[in-house]
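Enquirer: Have a look at this one before I ask anything.
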């Protein structure tokens, strides 16, 4: 997104479509992570029930019921309470009240998601969605940019600490295979599917822009590694770190000159 923003093309038709695709991609990834984590104990054999698939189905059904109720609760909050709270906060403390309100309710919604057995990332994502429909709340985004800049290094420091140096050799080989799959998957899954609705140049730009794997991918890998090596071995974790770094570095290098060349088509 940064390259599109720098080029001043994020507010074009293609840029807005890219934002929608990226948001949907993150939402689907987090939902699938939550579903997998809910049935993972069953798949790992931590159950005495002989009907494996029936138990997996029951676990998945329970997850979707809880997720549906959680989503409905967030929707009701956004529709009936959010604007009243933000208006009250703006009158009470015009300078910092709104930011503190968004931050506080973000923690609360994330905590509720954790209490329901979801990842905190699901709650954090829905907290952002709850306030995203209110222009007043969106004005606080600049305040969170400083927090994001401050805390992001700690996230990646944690990733580095989780890497086993002995697994780097195997991780490099596996990472190269995963890198090819990651690039092809986004070019085909995002770019090719966008082709019927956009020009060829627009579809290529969308596909390349979706290639980077960053925070969401590593959040999913971190959860898997925390469960144990039977879920995410050290070599797989190291390989995904390579994929994240490579896609985040290579995609902007390819994207920047293409946007400059094809700007008039956007």
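Numbering (this note's numbering), first residue to last: 2 to 267. Here a beta-carbon is modelled for each residue, glycine too, at the ideal position from N, C-alpha and C.
Out of curiosity, what's the CA-to-CA distance linking residue 248 and residue 89?
Expert: 44 Å
Enquirer: Should residue 211 and residue 32 be called a contact, given that it needs their Cβ atoms to be closer than 8 Å?
Expert: Contact: no.
Enquirer: Roughly how many whole angstroms lie between the Cα atoms of residue 63 and residue 201?
Expert: Between the alpha carbons of residue 63 and residue 201 lies a distance of about 42 Å.
Enquirer: Can you tell me which of 60, 154, 14 puts its alpha carbon nearest to the alpha carbon of residue 36?
Expert: Looking only at 60, 154, 14, the smallest Cα-Cα distance to residue 36 is reached by 60.
Enquirer: What is the rounded straight-line gap between the Cα of residue 8 and the Cα of residue 261?
Expert: 8 Å
Enquirer: For residue 204 versus residue 190, is the C-beta spacing smaller than 8 Å?
Expert: no
Enquirer: Counting only the same chain and skipping the five closest in sequence on each side, list residues whose C-beta sits under 8 Å from that of residue 195.
Expert: Excluding residues within five positions, the ones whose Cβ falls inside 8 Å are 18, 22, 203, 204, 207, 208.
Enquirer: Looking at the unbroken alpha helix (DSSP H) that takes in residue 262, where does it start and where does it end?
Expert: 235-263
Enquirer: Just how far apart, CA to CA, sit residue 86 and residue 127?
Expert: 17 Å
Enquirer: Comparing alpha-carbon positions, which option in 55, 122, 110, 181 lies nearest residue 76?
Expert: Here the closest residue by C-alpha is 110.
Enquirer: Which full runs of the alpha helix (DSSP H) of 4+ residues lie inside the stretch 150-200, going along the chain?
Expert: 169-187
Enquirer: Tell me whether residue 120 sits in a helix, a strand or coil according to DSSP, three-state version.
Expert: Three-state DSSP puts residue 120 in coil, outside helix and strand.
Enquirer: CB-CB under 7 Å to residue 102, same chain, minus the five flanking residues each way: which ones, in chain order?
Expert: 86, 87, 90
Enquirer: How would you call residue 238, buried or exposed, if buried means at least 16 neighbouring beta carbons within 10 angstroms?
Expert: So residue 238 counts as buried.
Enquirer: With 16 other CB atoms within 10 Å as the buried threshold, where does residue 231 fall?
Expert: exposed
Enquirer: Whose C-beta lies closer than 6 Å to the C-beta of residue 5 among residues of the same chain, with five residues either side of it excluded?
Expert: 11, 16
Enquirer: Looking only at its chain, what residues have a beta carbon closer than 7 Å to the beta carbon of residue 244, apart from the 5 residues adjacent to it on each side?
Expert: For residue 244, where only same-chain residues beyond five positions count, the Cβ hits under 7 Å are 176, 179, 180, 183, 214.
Enquirer: What's the gap between the Cα of residue 24 and the Cα of residue 81?
Expert: In this structure, the straight-line span from the alpha carbon of residue 24 to that of residue 81 is close to 24 Å.
Enquirer: Kindly indicate which residue of 92, 186, 83 has the alpha-carbon position closest to the one of residue 134.
Expert: 83
Enquirer: Check for me: the alpha helix (DSSP H) holding residue 14 runs from which residue to which?
Expert: 14-44
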